Each structure stands twice: as C-alpha cells, then as structure tokens.
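Be aware that the sequence shown starts at 1, since it is given in the UniProt record's numbering, and climbs by one per residue.
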Amino acid sequence: MPTAAVDASLSVELEGAANENEDDSAQCGKGWISTIHIAVQSGNERILGMLLRHDTEGISCLDSNGRTPLFHGAIQDNEPVVRMLLAHGARIGVLDKEGRSPLHWAVLYRRLEVLRTLLEHWNKRERNTFDIDAHDHVGWTPLHLAVERRFEAGVSLLMQSGANIKVRANICPHTGKPIPFNVEPLGS
1 MPTAAVDASL SVELEGAANE NEDDSAQCGK GWISTIHIAV QSGNERILGM
51 LLRHDTEGIS CLDSNGRTPL FHGAIQDNEP VVRMLLAHGA RIGVLDKEGR
101 SPLHWAVLYR RLEVLRTLLE HWNKRERNTF DIDAHDHVGW TPLHLAVERR
151 FEAGVSLLMQ SGANIKVRAN ICPHTGKPIP FNVEPLGS
C-alpha cells in the first residue's frame, strides 16, 4: 500500500479512536504511560505527528513518574522529537516526582544537543516562568549535576544561559560528601 494511503488510513483510524476514547485522560499519571509517551520512546516522528494532531492535551500527560513526553524525548536523546514536542507546547518547567525538569535529565544523561535545544527554548519562551537554577528533591540544580557528571559542554551551555555558579547544592548529611547520582535506564 502506498505511504500516502497508509497515512490517510491511519489518520482516519486515529480520528475514530480519538472520538471513542475522549475521557482516557483519567488514566494519565496513575501508573500509566500514554500513547504519546510510547511514540516519543520509539522515536517515530511521523507517528508522533499524527498523534499530536489528534491529541493536543496528551503533550502534558504525566506517566507514573510524573514525567511528560518531553522528559522521555530528553532522556532518549532524540533532539528532533524534543523540538517537535516544544513546537506543540511542551513545557520545560514541569517537574517530575523527583523534582527534576527535562533540563536535569538532559544533563544527567549528557544529552548535549537536547540540552542546547531545551535551553534555546527556555531562553525564548520560559525564562520568566521557570528558574534554570531550580533544585531537585535532593537539592541539586542542572548546573550542579553537569559539574558532578563532568559534562563540560553542558556546564558551558548552562553558564552561557545564565545558570548561577554561586547557588549551593545539598550534601549528604551522613557522609558530608556530594550525593551520588546513579542513573538507571528509562523504564527501570
């Protein structure tokens, strides 16, 4: 079947499915992962585009960890998908259950191009609504994480965007040392 015919057929099926399941939003954030999250994880921009045309609210749906699809795009290191999500209204200033933003996760996983895209968007659209120096639940900012991870390019980008090098990080109350960050693969 030609690609255009497949796209048209899938588009019709998606439209029908969207109308049948209009109140699936009750399942967002309660141990569920949305279809848009799955599309982001798969990295298929065409499918993601089709879904976003039929579900504009799904871009804000939280998974069981309190993460929107933008978090998944950042962690997966898929800059074109991150750019697409931002163009459809995804917000960087959303924090997950660990108090982390997509900026924190891009730094933790050393995702340079994703971090650059997120910071460009932040500078243009969210500078006045989200603090680049936001602390996560253990008291670390994206800049603290970049330094701890030895992510030199990330440190440079964050500083160029105005991250404050004088903001302090929490240390472990038991050891007096910086809190280590073990990064687990997404979904573990």
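Glycine included, every Cβ here is placed at the ideal spot set by N, Cα and C. As the structure is a prediction and not an experimental result, all values here were calculated from the model.
- Listed as beta-bridge partners of P178 by DSSP are I171.
- Inclusion of W122 and I92 in the CB contact set at 7 Å is warranted, their separation being smaller than that value.
- Cβ neighbours of V81 within its own chain (closer than 8 Å, five residues either side excluded): V40, G43, E45, L48 and G73.
- Per DSSP, L62 lies in no alpha helix (DSSP H) segment and is marked neither H nor E.
- Judged by DSSP in its simplified three-state form, L115 adopts helix.
- G154 and A146 have their alpha carbons spaced roughly 6 Å apart.
- In this structure, the alpha-carbon of L112 lies about 21 Å from that of G99.
- A residue is called buried once 16 or more other Cβ atoms fall within 10 Å of its Cβ, and T175, having fewer, is exposed.
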